[in-house]
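Peer 1: In case it helps, the working numbering puts the sequence shown at residues 45 to 290. The beta-carbon is built from N, C-alpha and C at its ideal position, and this holds for glycine as well.
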Amino acid sequence: MRQEDLQAPDTLRTPHICEGGNLDCGSGLLLLIRKSMETVPDSEILEIRSTEISVREDLPAWCRMTKNPYLGWRPATEHNKYFVRRGEAAQDAELAYEQARDYRWQTRIHWNGGMQTKVFCRNHSWAVGQPASFDVRDDAPSAVEYVLGALGSCLAMGFQIRASQQQIEIDELEISLSGQIDNIFVFLGTESSGHSGFKEIRGTLYVSSDADDEVLERLWEETLAASPVTNTLTRGVEVKVELRVI
């Protein structure tokens, strides 16, 4: 029998639970597991919950790599349960968690000529148009539109992830955002007063769910407080980009 098909017995129980919602091993679940392992005593068992079926294939490989014995999985009504015993390499998992804390996201941006650039990160790339364009149609979205898109996507996924971890069903979710630049002519070099960044961003989250309004409001407040992009826009960020002539 493949390790990925190993069924955990119904009698297997543990007080140590990691709620993974709909996360898979490539989208943050392993970080949650590593964090949860910090509270699990040596040789005791962690139960990991996720609705993402790919965890069944990917988690055993992680367990082999980190030497935390994989004990199998079993289906439940609203998620699957995966069982892992804390092994001798738990300290290595904690080290990996600290490495994730210090991780630096990287991009490379290449000017393609004209009024476009191309952004490269990991295995992705996309075109970006000029920051200030007021035409109805353009060959590529503007940089500030990508900022709004990044904010909306971060909030939408953050809300859904938190809802999933708390077993709250979301039927539909959409965010509408708009922003106003303080003075776009500063960027164009024709004026010097004000600044060329957003002075305000406003929007609305539209959500359909059977959950109570108070529960959804609490989820939304938690999402706003934890969003990486929201915190980037609302806090002072040190930006240091140097010139190097080649």
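In three-state terms, what does DSSP make of Gln-174?
Peer 2: The residue you call residue 174 lines up with position 130 of the sequence shown. Three-state result, Gln-174: coil.
Peer 1: Would Ala-184 and Gly-196 be called neighbours here (beta carbons separated by less than 8 Å)?
Peer 2: Your numbering for residue 184 matches position 140 in the sequence shown. Your numbering for residue 196 matches position 152 in the sequence shown. For Ala-184 and Gly-196, no; Cβs fall outside 8 Å.
Peer 1: Could you have a look at Gly-247 and say whether DSSP puts it in helix, strand or coil?
Peer 2: To locate residue 247, count along the sequence shown from 1; it is residue 203. It is a strand residue.
Peer 1: For a test of the three-state rule: what should DSSP assign to Cys-62, helix, strand or coil?
Peer 2: Reading the sequence shown from its first residue, position 18 is the one you call residue 62. Cys-62: strand per DSSP, three-state reduction.
Peer 1: Kindly indicate the opening and closing residues of the beta strand (DSSP E) around Asp-149.
Peer 2: On the sequence shown, residue 149 is found 105 positions in, with the first residue counted as 1. Sequence inspection shows Trp at residue 149; the Asp mentioned does not correspond to that position. Here Trp-149 belongs to no beta strand (DSSP E), and DSSP marks it neither H nor E.
Peer 1: Is it right to say Arg-130 is buried, meaning 16 or more other beta carbons lie within 10 angstroms of its own, or is it exposed?
Peer 2: Here residue 130 is taken as the residue at index 86 of the sequence shown, counted from 1. So Arg-130 counts as buried.
Peer 1: Rounding to the nearest angstrom, what Cα-Cα distance links Val-259 and Tyr-250 in this structure?
Peer 2: Position 215 of the sequence shown holds residue 259. Position 206 of the sequence shown holds residue 250. Taking the straight line from one Cα to the other gives about 15 Å.
Peer 1: Beta-carbon within less than 6 Å of Val-188's beta-carbon, same chain only, minus the 5 sequence neighbours each way: which residues are those?
Peer 2: The residue given as residue 188 occupies position 144 in the sequence shown. The answer, listed in chain order, is Pro-175.
Peer 1: Quick one: measure Cβ to Cβ for Phe-127 and Glu-91, integer angstroms, because I've assumed they're closer than 8 Å.
Peer 2: Taking the sequence shown and counting its residues from 1, the one referred to as residue 127 is at position 83. Taking the sequence shown and counting its residues from 1, the one referred to as residue 91 is at position 47. About 6 Å separates the two Cβ atoms, so the contact holds.
Peer 1: May I ask you to verify whether the region 271-284 touches the region 215-224, counting CB pairs closer than 8 Å and requiring at least 3?
Peer 2: Contact between the region 271-284 and the region 215-224 is absent, because fewer than three Cβ pairs lie under 8 Å.
Peer 1: Helix, strand or coil for Asn-167? Go by DSSP, reduced to three states.
Peer 2: Locating residue 167 in the sequence shown gives position 123, counting from the first residue. It is coil, neither helix nor strand.
Peer 1: Measure the C-alpha to C-alpha separation of Thr-83 and Glu-63 and round it to an integer number of angstroms.
Peer 2: Walking along the sequence shown from the start, residue 83 turns up at place 39. Walking along the sequence shown from the start, residue 63 turns up at place 19. About 14 Å.
Peer 1: Taking Cβ to Cβ, would you say Cys-69 is nearer than 8 Å to Trp-106?
Peer 2: For this step, residue 69 is matched to residue 25 along the sequence shown. For this step, residue 106 is matched to residue 62 along the sequence shown. It is a contact, given that the beta carbons lie within the stated cut-off.
Peer 1: Mapping DSSP to helix, strand and coil, what is Ile-219?
Peer 2: As a working mapping, residue 219 is identified with position 175 in the sequence shown. Strand, per DSSP.
Peer 1: Which residue marks the beginning of the beta strand (DSSP E) containing Ser-94, and which one marks its end?
Peer 2: The sequence position of residue 94 within the sequence shown is 50, counting from 1. It spans 89-94 - the beta strand (DSSP E) in which Ser-94 sits, taken as one unbroken run.
Peer 1: State the Cα-Cα distance for the pair Leu-75 and Asn-124, rounded to the nearest angstrom.
Peer 2: Here residue 75 is taken as the residue at index 31 of the sequence shown, counted from 1. Here residue 124 is taken as the residue at index 80 of the sequence shown, counted from 1. Answer to the nearest angstrom: the Cα atoms are 18 Å apart.
Peer 1: What would DSSP say about Arg-118, mapped onto helix, strand or coil?
Peer 2: Position 74 of the sequence shown, counted from the start, is the residue given in the question as residue 118. Strand.
Peer 1: Take Glu-48 as the anchor and find which of Leu-103, Ser-71, His-60 has the nearest alpha-carbon.
Peer 2: Counted from its first residue, the sequence shown places residue 48 at position 4. Among Leu-103, Ser-71, His-60, the Cα nearest to that of Glu-48 is on Leu-103.
Peer 1: What are the boundary residues of the beta strand (DSSP E) that Asn-112 is part of?
Peer 2: Locating residue 112 in the sequence shown gives position 68, where the first residue counts as 1. Note, Asn-112: premise wrong, no beta strand (DSSP E); not H, not E.
Peer 1: Where do the N-terminal and C-terminal ends of the beta strand (DSSP E) with Arg-129 fall, by residue?
Peer 2: Here the question's residue 129 lines up with position 85 in the sequence shown. Unbroken beta strand (DSSP E) run through Arg-129: 124-129.
Peer 1: Find out if the Cβ-Cβ distance for the pair Ile-205, Gly-65 is shorter than 8 Å.
Peer 2: As a first step, residue 205 is located in the sequence shown; it is residue number 161 there, counting from the start. As a first step, residue 65 is located in the sequence shown; it is residue number 21 there, counting from the start. Their beta carbons are under 8 Å apart, which means Ile-205 touches Gly-65 by this criterion.
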